[in-house]
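Here is the structure we will look at, set down as structure tokens.
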Amino acid sequence: IEKVIASLKITDEQLQHIMHTLEDEMNAGLSPATHKQASVKMFPSYVRHIPNGTEVGQILALDLGGTNFRILLIKLHGNSKIELTSKIFVVPQSVMIGDGRHLFRHLAECLSDFMKRETLLHSGICYPLGFTFSFPCKQESLSSARLTAWTKGFNCSGVVNEDVVKLLQNAINEKGINVKCAALVNDTVGTLMACAYKDPSTAIGLILGTGTNACYIEDLDKVGTWDGDYNEPKQVIINMEWGAFGDNGCLNHIRTKYDEEVDLSSINPGKQIFEKMISGMYMGEIVRLIILDLLQQELLFLGHRDTYGDYKTPLYNRGGFYTKFVSIVETDEGIKFSNTRRVLEDIGIRNPTFDDCVIVQHICRQVSKRAARLAGAGLAVLINRMGKSNITIGVDGSLYRYHPRFKRNMERCMETLVHKDLKFKWALSDDGSGKGAALVACVAEQNSSEVPVKHDKTTN
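Residue numbers (our numbering): 6 to 465.
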């Protein structure tokens with residue numbers, strides 16, 4: 006058992022090495038010479054201006070990332086005050102896999118219904134809209150992005166390699182509603198922006214949920230792939246897509262056989278290696294594979310075989326141990342293990358012994374601690390790189406919100422890795438994918454003369 010646990014431990018020296026490697030990978034993603042083959046893509050978001058809390062106005066947001074989508078009306082009152090109304094709409098299965106034009110017409114139809122409900126339709130005002138589109142895109146400007154691939158069960162025809170902002174705007178125009186899609190926003194960037202409205206020292210956006218990603222404010226002179234103007238402010242938010250760190254094999258030295266099995270049985274083998282060691286989508290599965298390995302070695306749950314000589318338990322099924330179980334198990338303090346027992350009974354292990362509970366909790370703690378330390382090392386790279394004396398990290402996601410130890414484990418790790426003269430604090434994002442998108446649209450409209458325009462960099 007200790008041998009298995011030891012394989013999950015990452016030393017401080019290993020973390021230092023990982024940090025150096027991540028910075029090298031970041032620089033590769035930012036360089037035009039190496040960007041194409043880089044694992045960490047470091048996409049410029051084209052978001053240059055950060056809100057400071059004084060912004061006012063009414064902005065719409067559309068947040069599409071799954072079978073449900075939201076439309077929001079955000080009223081900014083200045084003084085960092087936000088008023089929000091929203092409605093959830095459904096994307097029917099037939100639309101998810103049908104003609105792409107039908108999808109965008111459906112979005113425009115729902116937008117029209119929402120505006121009618123909020124009495125915005127005949128106001129004579131053209132409302133800016135921020136579009137959170139949580140699918141892989143190649144962003145070409147603040148209001149232009151081409152879909153590179155559908156995910157999450159969507160497979161609409163005629164959309165891949167097309168500009169999704171243009172497709173949405175065309176559908177809006179067809180519907181005859183007075184809305185301008187001013188910005189397409191990644192949810193990580195939205196998280197940073199939503200937190201910055203309340204705290205302008207926010208310089209990092211972090212998602213720790215089903216997936217993981219980070220963004221941060223980078224100096225333009227370090228962004229070799231930048232193809233916009235060089236007006237003030239000479240900065241841009243970089244969407245790192247850090248989940249792909251390790252796709253080139255640079256993290257193989259810390260991966261276990263369980264990580265390799267999770268990867269091989271996933272829908273994208275060899276991709277999103279860093280994410281698969283951290284995020285909520287995979288954490289429960291790593292724990293399941295370890296428990297199953299110990300069970301098969303007869304080191305766990307002795308005496309639980311049924312009359313057919315096997316176990317009646319979902320542990321044999323992929324996805325049979327949920328990440329929420331990891332959080333529940335780790336809430337146990339003391340020696341009663343009431344939560345751990347409840348989880349084990351949920352998966353068919355009746356009357357687990359004290360030792361069973363100790364071992365299962367130890368496995369959960371080591372898997373989540375490793376994830377937190379890896380995420381913390383990534384954040385330490387960003388804080389050290391920016392060199393700002395006080396930084397706020399805007400963060401969202403179920404892992405950060407609901408796991409009882411994740412934040413604490415990240416902080417402990419970061420305290421040893423972040424330069425001593427640099428301070429950081431956390432801000433829990435309140436609806437980054439909605440408010441954040443609206444704020445990007447608002448700030449873009451207010452600074453419309455400075456929104457980046459593509460041009461040949463050789464003219465500089």
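Yeah, the Cβ is synthetic: ideal placement off N, Cα and C, and Gly gets one too.
Q) Considering only the beta carbon of each residue, do G285 and T328 sit closer than 8 Å? A) Within the sequence shown, residue 285 is the residue found at index 280, counting from 1. Within the sequence shown, residue 328 is the residue found at index 323, counting from 1. Going by C-beta atoms, G285 is nearer than 8 Å to T328.
Q | Host beta strand (DSSP E) of Q277 (start-end) | A | As a first step, residue 277 must be located in the sequence shown, where it is residue number 272. Q277 -> no beta strand (DSSP E), and no H or E assigned at all.
Q.
How far does the alpha helix (DSSP H) with K203 in it extend, from its first residue to its last?
A. Position 198 of the sequence shown, counted from the first residue, corresponds to residue 203. Run containing K203: D192 to K203, per the alpha helix (DSSP H) assignment.
Q | Candidates S434, A380, G439 and L427: closest to R406 by CA position | A | Taking the sequence shown and counting its residues from 1, one reaches residue 406 at position 401. Nearest to R406 by alpha-carbon distance, out of S434, A380, G439 and L427, is S434.
Q) Is it true that the segment 192-205 meets the segment 40-59, where meeting means three or more beta-carbon pairs spaced less than 8 Å apart? A) The segment 192-205 makes contact with the segment 40-59: 3 or more CB pairs, one atom from each, lie closer than 8 Å.
**Q.** Extent of the continuous beta strand (DSSP E) to which T75 belongs
**A.** On the sequence shown, position 70 is the one that residue 75 refers to. Note that residue 75 corresponds to Arg in the displayed sequence, not to Thr. Here the beta strand (DSSP E) through R75 covers N73 to H82.
Q. Looking at C-alpha atoms only, which residue of S271, L256, I354 and E335 is the closest neighbour of L297?
A. Working through the sequence shown from its first residue, we reach residue 297 at position 292. Closest by alpha carbon: I354.
Q: Please determine, among G195, V372 and A43, the residue with the shortest C-alpha to C-alpha distance to D264.
A: One-based indexing of the sequence shown puts residue 264 at position 259. Closest option to D264, Cα to Cα, is V372.
Q) Taking the C-alpha atoms as reference points, what is the distance between C186 and P357? A) Within the sequence shown, numbered from 1, the residue matching residue 186 stands at position 181. Within the sequence shown, numbered from 1, the residue matching residue 357 stands at position 352. Going by the C-alpha atoms only, they are around 56 Å apart.
**Q.** The alpha helix (DSSP H) enclosing D496, as first and last residue numbers
**A.** For residue 496 there is no data in the structure shown, the boundaries of the chain being 6 and 465.
**Q.** Alpha carbon of A150 to alpha carbon of T137, nearest angstrom
**A.** Here residue 150 is taken as the residue at index 145 of the sequence shown, counted from 1. Here residue 137 is taken as the residue at index 132 of the sequence shown, counted from 1. Between A150 and T137, the alpha-carbon positions lie close to 11 Å from each other.
Q. Going by Cα to Cα distance, which pick from L294, L404 and L422 is closest to L211?
A. In the sequence shown, counting from the first residue as 1, residue 211 sits at position 206. The candidate whose alpha carbon is nearest that of L211 is L404.
Q. Under the three-state reduction of DSSP, which class applies to H127: helix, strand or coil?
A. Here residue 127 is taken as the residue at index 122 of the sequence shown, counted from 1. DSSP, reduced to helix, strand and coil, places H127 outside both helices and strands of the structure shown, so it counts as coil.
Q. In terms of alpha-carbon separation, which member of K46, K80, G70 and F48 lies closest to V61?
A. Within the sequence shown, the letter at position 56 stands for residue 61. With distances taken between Cα atoms, V61 lies closest to K80.
Q) Using DSSP with H/G/I as helix, E/B as strand and the rest coil, what is R53? A) For the purposes of this step, residue 53 is taken as the residue at position 48 of the sequence shown. It is coil, neither helix nor strand.
Q: Report the residue from N389, E280, V400 and A43 whose alpha carbon sits nearest the alpha carbon of K425.
A: In the sequence shown, the residue the question calls residue 425 occupies position 420. Comparing Cα-Cα distances from K425 to each of N389, E280, V400 and A43, the minimum goes to N389.
Q.
Buried or exposed, going by whether 16 or more other CB atoms sit within 10 Å of the CB of C131?
A. Working through the sequence shown from its first residue, we reach residue 131 at position 126. Exposed, by the Cβ-count rule.
Q: Tell whether a beta-carbon distance below 8 Å holds between A376 and M282.
A: The sequence position of residue 376 within the sequence shown is 371, counting from 1. The sequence position of residue 282 within the sequence shown is 277, counting from 1. Yes. Within cutoff.
Q) Roughly how many whole angstroms lie between the Cα atoms of A66 and S44? A) Here the question's residue 66 lines up with position 61 in the sequence shown. Here the question's residue 44 lines up with position 39 in the sequence shown. Near 31 Å, if we compare the C-alpha coordinates of S44 and A66.
Q) Across which residues does DSSP place E88 in a beta bridge pair? A) The count along the sequence shown starts at 1 and reaches residue 88 at position 83. Beta-bridge pairing by DSSP links E88 to K80.
Q: Go through its chain and collect everything with a Cβ distance to F342's Cβ below 6 Å, but skip five positions before and after it.
A: Taking the first residue of the sequence shown as 1, we reach residue 342 at position 337. Taking F342 as the centre and dropping the five residues before and after it, the same chain places the C-beta of C362 closer than 6 Å to its C-beta, in chain order.
Q: Consult DSSP for C161 and reduce its assignment to one of helix, strand or coil.
A: Along the sequence shown, one-based indexing puts residue 161 at 156. If DSSP states are grouped into helix, strand and coil, C161 belongs with coil.
Q) At a cut of 8 Å, does the segment 392-404 reach the segment 208-225 through at least three beta carbon pairs? A) Counting C-beta pairs closer than 8 Å gives three or more between the segment 392-404 and the segment 208-225, which meets the contact rule.
**Q.** Reference P409, options D337, L379 and D360, closest by Cα
**A.** As a position in the sequence shown, residue 409 is number 404, starting the count at 1. D337 is the residue among D337, L379 and D360 whose C-alpha sits nearest the C-alpha of P409.
(Q) Run through the DSSP bridge pairs and tell me what A219 is partnered with. (A) Here residue 219 refers to the residue found at position 214 of the sequence shown. Answer is L211, bridged to A219.
Q) Hey, M415 and G392: beta-carbon distance below 8 Å or not? A) The residue given as residue 415 occupies position 410 in the sequence shown. The residue given as residue 392 occupies position 387 in the sequence shown. No.
Q | DSSP state of P319 mapped onto helix, strand, coil | A | In the sequence shown, the residue the question calls residue 319 occupies position 314. Helix at P319.
Q. How many angstroms separate the CA atom of E237 from the CA atom of E223?
A. Within the sequence shown, the letter at position 232 stands for residue 237. Within the sequence shown, the letter at position 218 stands for residue 223. Cα to Cα, the separation comes out at about 13 Å.
Q.
Give me the residue from R417, L134 and L69 with the minimum Cα distance to K157.
A. Counting from one through the sequence shown, the residue named residue 157 turns up at place 152. Selection R417, L134 and L69 evaluated against K157 yields L69 as nearest (Cα-Cα).
Q | Endpoints, the beta strand (DSSP E) within which Q451 is located | A | As a working mapping, residue 451 is identified with position 446 in the sequence shown. Where Q451 is concerned, there is no enclosing beta strand (DSSP E), although the alpha helix (DSSP H) it sits in stretches over A442 to Q451.
Q: Rounded to whole angstroms, what's the CA-CA distance from L20 to Y221? Just pull it up for me.
A: Counting from 1 along the sequence shown, the entry for residue 20 is found at position 15. Counting from 1 along the sequence shown, the entry for residue 221 is found at position 216. A direct Cα-Cα distance of roughly 20 Å separates L20 from Y221.
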